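Reading through the structure tokens given below for one structure.
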Amino acid sequence: MQPGQPAADGLILPYLQALLAAQRHDPPSLPLRPLLGLRARRLARHFRLDDLTSPAEDPMGTELENALWGDGVVRVFTAGLFAPPSPIAIAHDVATFRPDRLVLLPPSPLFSGGLNGIALQTWDRAAKAAGLDVVASALCCHPTDPALLRTLVIRAREVMAPGGTGSLLLVMPGLPWSGGDPLGWQMNRLAAELSRLLDLPAGRVDVARLDVPGFDDAGLPTVEQAIRRTRSVALSILPLSPWPLVRAGWCDYLDEWRDLASVSGILSLTLARPALAEGAELAPLVRQALAGREGICSGFGRRLCPDTHGQCPHKRMAVAAMHGKTMA
């Protein structure tokens, strides 16, 4: 599952409206739709497609298939949440392929209701509509998976100031639901892991959300707030998603963030390559899912987030224990 990108200027507004509608579990009510339309029109002013950001043939599926070449007959399908190809059409394609096992990869390594949560719901409806009855493992998240950590360390070292004098800011599009969304908790846990792997002092790896109107903040500062409070002379921003969602590409923010960094006393601001922008980076997750049980699972095959985060789709550990089950 991927968020998708509008293929032409005339499709930007419908894409943004679909994105903003993901702030709720259910389709928006009639009174809410005019507000979503107004917010979408405001965002559309800054969404500019060009030859680099317009979606062409998506190479990620081919890259992932090539990486799984020795694992049997594997076919990768790509479905879009907010833009074509629609999950229903893809579900019918999958049914035609007649697989004996299905792995659903989420659009983000971190769970937020408006992205991974919506993806799980949307695919479930599409699979039922297509009559797709196959053993399936659906990953809800993989925020500190070793393969992801390895990729993030490489990305960070490519752009960070030598000698350990700079700071790192992890950024995700802010699509959490209210009522216990685990996005903030997962980002802070990921920051702690990267601090250890990069040998940086506590506080030098920070987290922030790219503000999306209408969604919860999950206790995360905005990117602008995080830049203002940075006390290092050099700051590197590492996107945790290949797509910023509310603009065509992460580079569209670079001038704004550098201007803000300059007035905040930061001498250098660099932008790292986004995480998981290459399909081969997802291959370890597929192998882990195939080795595990069917149903919703994290990249570790068990629930990762505390029970207080009620938006997590994984079974509550307490409920599982009542029935004598484990989460492995």
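To get my numbering, take the position in the sequence shown, counting from 1, and add 5.
The beta-carbon is built from N, C-alpha and C at its ideal position, and this holds for glycine as well.
The model shown is predicted, which means the values in this text are computed figures rather than measured ones.
- Under DSSP, C146 forms a beta bridge with S303.
- By the beta-carbon neighbour count (other beta carbons within 10 angstroms, threshold 16), C256 is exposed.
- Under the three-state reduction of DSSP output, Q7 falls in the strand class.
- Burial state of Q230 is exposed, judged by a 10 Å Cβ sphere holding fewer than 16 other Cβ atoms.
- Shown here for P11: same chain residues with a beta carbon closer than 6 Å to its own, the five before and five after excluded, namely I17, Y20, A88 in chain order.
- Taken through DSSP and simplified to helix, strand or coil, P244 comes out as strand.
- For E261, the number of other beta carbons within 10 angstroms of its own is below 16, and it is reported as exposed.
- Around the beta carbon of H147, 16 or more other beta carbons sit within 10 angstroms, so the residue counts as buried.
- Annotated as distal: A96 and A45, with beta-carbon spacing of 8 Å or more.
- With a cut-off of 8 Å on Cβ pairs, the segment 121–138 is not in contact with the segment 196–205, counting fewer than three such pairs.
- Spanning the alpha carbons of L276 and D186 requires a straight line of approximately 27 Å.
- Within a 10 Å sphere around the beta-carbon of T170 sit fewer than 16 other beta-carbons, which makes this residue exposed.
- Distances from the CA of Q316 to each of L120, G9, P64 were compared; the closest alpha carbon is that of L120.
- Going by beta carbons, L188 and F116 fall inside the 8 Å limit.
- In the DSSP assignment, T170 falls outside any beta strand (DSSP E), carrying neither H nor E.
- Closest in C-alpha terms to I93, from the list L125, R53, F52, comes L125.
- Excluding the 5 residues flanking it on each side, M6 has same chain C-beta neighbours closer than 7 Å at A84, L86, L109, L110, P111, P112, A124, W128, in chain order.
- If you look at T275, you'll find it in the beta strand (DSSP E) that goes 273–276.
- Among the bridge pairs identified by DSSP, D211 is matched with L174.
- V108 has S142 as its beta-bridge partners, per DSSP.
- Note on the segment 67–91: there is no whole alpha helix (DSSP H) run with a minimum of 4 residues.
- Rounded to whole angstroms, the gap between the alpha carbons of R106 and P8 is 23 Å.
- Straight-line spacing of the CA atoms in R292 and A152 works out to 12 Å.
- According to DSSP, T227 shares a beta bridge with R214.
- With a beta-carbon spacing of about 44 Å, I271 and L295 fall beyond the 8 Å limit used to define contacts.
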